[in-house]
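Chemist: The numbering used here applies: residue 1 is where the sequence shown begins, and numbers increase by one.
Note that beta-carbon positions come from the ideal geometry of N, C-alpha and C, so glycine has one too.
Bear in mind the structure is a predicted one, so any value in this text is a computation, not a measurement.
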Amino acid sequence: FGNNSYVSALDNGLFTIGAPHDEGDGPSPEEIFTAFPAGENKFALKSGYGKYLGVSKDGVVIGRSDAVGPMEQWEP
1 FGNNSYVSAL
11 DNGLFTIGAP
21 HDEGDGPSPE
31 EIFTAFPAGE
41 NKFALKSGYG
51 KYLGVSKDGV
61 VIGRSDAVGP
71 MEQWEP
(Lines of atoms letter the chains of each structure in order from A and count residues from 1; the text may use other names and numbers.)
(Lines give C-alpha, C1' and ligand atoms only; values in the text may rest on other atoms or scores of the structure.)
Protein backbone atom coordinates (compact mmCIF):
# COMPACT_ATOMS: atom_id res chain seq x y z
CA PHE A 1 0.00 0.00 0.00
CA GLY A 2 2.90 2.35 0.56
CA ASN A 3 3.50 5.10 3.04
CA ASN A 4 1.15 8.06 3.41
CA SER A 5 -1.88 6.19 2.02
CA TYR A 6 -5.30 6.21 3.67
CA VAL A 7 -8.52 4.20 3.41
CA SER A 8 -10.74 6.12 1.01
CA ALA A 9 -14.55 6.06 0.77
CA LEU A 10 -16.01 5.71 -2.71
CA ASP A 11 -19.28 7.36 -3.78
CA ASN A 12 -20.87 3.89 -4.19
CA GLY A 13 -20.42 3.13 -0.47
CA LEU A 14 -17.40 0.86 -0.83
CA PHE A 15 -13.78 1.55 0.14
CA THR A 16 -10.31 1.42 -1.36
CA ILE A 17 -6.79 2.47 -0.48
CA GLY A 18 -6.22 6.00 -1.75
CA ALA A 19 -3.24 7.20 -3.69
CA PRO A 20 -0.12 7.98 -1.63
CA HIS A 21 0.19 11.55 -0.38
CA ASP A 22 3.33 13.64 -0.24
CA GLU A 23 5.15 13.67 3.11
CA GLY A 24 3.37 16.08 5.45
CA ASP A 25 0.09 16.13 3.48
CA GLY A 26 -3.02 15.01 5.32
CA PRO A 27 -5.88 12.89 4.02
CA SER A 28 -8.32 14.05 1.35
CA PRO A 29 -11.97 14.66 2.41
CA GLU A 30 -13.06 11.19 1.24
CA GLU A 31 -10.28 9.70 3.40
CA ILE A 32 -11.57 11.28 6.62
CA PHE A 33 -13.87 9.25 8.87
CA THR A 34 -15.52 10.78 11.93
CA ALA A 35 -16.46 8.76 15.03
CA PHE A 36 -19.61 9.57 17.03
CA PRO A 37 -20.99 8.06 20.25
CA ALA A 38 -23.84 5.66 19.41
CA GLY A 39 -25.09 4.31 22.71
CA GLU A 40 -23.43 2.70 25.65
CA ASN A 41 -19.95 1.43 24.68
CA LYS A 42 -20.68 1.82 20.95
CA PHE A 43 -19.79 4.31 18.26
CA ALA A 44 -20.70 5.13 14.66
CA LEU A 45 -18.35 6.08 11.81
CA LYS A 46 -19.28 8.64 9.17
CA SER A 47 -17.44 8.82 5.84
CA GLY A 48 -16.39 11.93 3.96
CA TYR A 49 -19.51 11.41 1.83
CA GLY A 50 -21.71 11.90 4.91
CA LYS A 51 -22.78 8.24 5.06
CA TYR A 52 -22.54 5.96 8.09
CA LEU A 53 -20.50 2.78 7.89
CA GLY A 54 -22.38 -0.43 8.54
CA VAL A 55 -22.31 -4.12 7.75
CA SER A 56 -24.35 -5.55 4.87
CA LYS A 57 -26.30 -8.79 5.13
CA ASP A 58 -23.34 -10.40 3.34
CA GLY A 59 -20.93 -9.23 6.06
CA VAL A 60 -19.31 -6.53 3.92
CA VAL A 61 -18.47 -3.14 5.47
CA ILE A 62 -20.29 -0.45 3.48
CA GLY A 63 -20.92 3.27 3.86
CA ARG A 64 -24.42 3.90 2.47
CA SER A 65 -26.65 4.71 5.43
CA ASP A 66 -28.07 8.18 6.11
CA ALA A 67 -28.80 7.33 9.76
CA VAL A 68 -27.37 5.18 12.54
CA GLY A 69 -29.22 1.91 13.13
CA PRO A 70 -28.17 -1.36 14.76
CA MET A 71 -25.98 -2.32 11.77
CA GLU A 72 -24.08 1.00 11.93
CA GLN A 73 -23.03 0.66 15.57
CA TRP A 74 -19.54 -0.57 16.38
CA GLU A 75 -17.95 -1.78 19.59
CA PRO A 76 -14.34 -1.00 20.51
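What does the alpha-carbon distance come out to for the pair ILE62 and ASP22?
Modeler: Computed Cα separation, rounded: 28 Å.
Chemist: Could you round the C-beta distance between VAL68 and ALA44 to whole angstroms and report it? I think they count as a contact, below 8 Å.
Modeler: About 5 Å separates the beta carbons of VAL68 and ALA44, which is inside the 8 Å limit, making them a contact pair.
Chemist: Is the beta carbon of GLY48 sitting closer than 7 Å to the one on ALA9?
Modeler: yes
Chemist: Assign PHE15 to buried or exposed, taking buried as 16 or more other Cβ atoms, counted over all protein chains shown, within 10 Å of its Cβ.
Modeler: That one is buried.
Chemist: By DSSP's criteria, PHE43 is part of a beta bridge. Which residues make up the other side?
Modeler: PRO37, TRP74
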